[in-house]
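K.L.:
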Amino acid sequence: LRLAGVAGLETVRQRFPWAAMEPEPGRWDWQPWDDIVQAVQDEGLQLIALLDGSPTWARAEADVANPLAPPHDSRDFGAFARAFAQRYGHAVHVYQIWDEPNIYPHWGERPVNAGAYADLLREAAAVIRSVDPAARIVSAGLAPTAERSAFNQNDVDYLRALYGAGAAGRFDTLGAK
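Quick note on my numbering: the sequence shown kicks off at 138 and runs consecutively.
1. What does the alpha-carbon distance come out to for the pair Leu365 and Ala251?
2. Excluding the 5 residues flanking Asp292 on each side, which residues of the same chain have their C-beta closer than 7 Å to its C-beta?
3. Curious, which full-length alpha helix (DSSP H) runs of at least 4 residues does the segment 148–198 contain?
4. Does the separation of the CB atoms of Asp179 and Pro154 fall below 8 Å?
5. Which first and last residues belong to the beta strand (DSSP E) in which Val231 is found?
6. Within this structure, are the beta carbons of Glu246 and Asp200 separated by less than 8 Å?
7. Out of Ile265, Asn203, Ala302, state which residue places its alpha-carbon closest to the alpha-carbon of Trp244.
8. Since Val264 and Arg219 should fall inside the 8 Å C-beta cutoff, what is the C-beta to C-beta distance between them, to a whole number of angstroms?
9. With a threshold of 16 other CB atoms inside 10 Å of the CB of Asp78, please say whether the residue is buried or exposed.
10. Just to check my reading of the structure: Ala255 and Ala302 have Cβ atoms closer than 8 Å, yes? What is that Cβ distance to the nearest angstrom?
11. Is the distance from the Cβ of Ala262 to the Cβ of Phe214 below 8 Å?
12. Would you give the residue range spanned by the beta strand (DSSP E) that Val275 belongs to?
13. Looking at the secondary structure, which residues open and close the alpha helix (DSSP H) in which Ala251 lies?
14. In terms of residues, what are the limits of the alpha helix (DSSP H) holding Ser211?
15. Which residues in the same chain have their Cβ closer than 6 Å to the Cβ of Ala304, if we skip the five residues on either side of it in sequence?
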């Protein structure tokens, strides 16, 4: 982090995997993440918190072995996002919701689904903003791909479907790769 600051970088994007943070419902392991957030603050850097992944207990049965799969119920992810914002809202003002939902394995053992991701984004954005009204929400960075299969969808097609599902008003910044 020190070298990032010396190099003139101002922002760090850090993944915060829900599965590691809440391995069982209501049992939180904040310590390693507290250290990361504090270290970023100590270096005077801004933090983009990437919230993604799901613990085994929150996944659909078909996804039990895939920690990158979305939760069975987006409200569970919303509860995680709320707890995260309550704990780190003093230091985090930019939240990226999920990563690469347009490709396998980031959407579990099922076809990708822009509408389902829009629901997850809607839930997370609403609860984060209820805790931190000034929070900025970044959509998932879509994986660049020309593929058009059920499990790997072209990022442009996926983005069109995402906007078609009403996600436009749910984020402030479009994530891109």
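Every residue, glycine too, gets a C-beta built ideally from N, C-alpha and C. Keep in mind that this is a model prediction, so the values were computed, not measured.
P.N.:
With the structure as the only source:
1. The requested residue 365 is not part of the displayed model; the chain covers only 138 to 314.
2. Asn239, Leu279, Ala280, Pro281, Thr282
3. 155–158, 168–179
4. no
5. 231–234
6. yes
7. Asn203
8. 4 Å
9. The chain is shown only over 138 to 314; residue 78 falls outside these bounds and no answer can be derived.
10. 4 Å
11. no
12. 273–275
13. 251–268
14. 211–225
15. Ala255, Leu258
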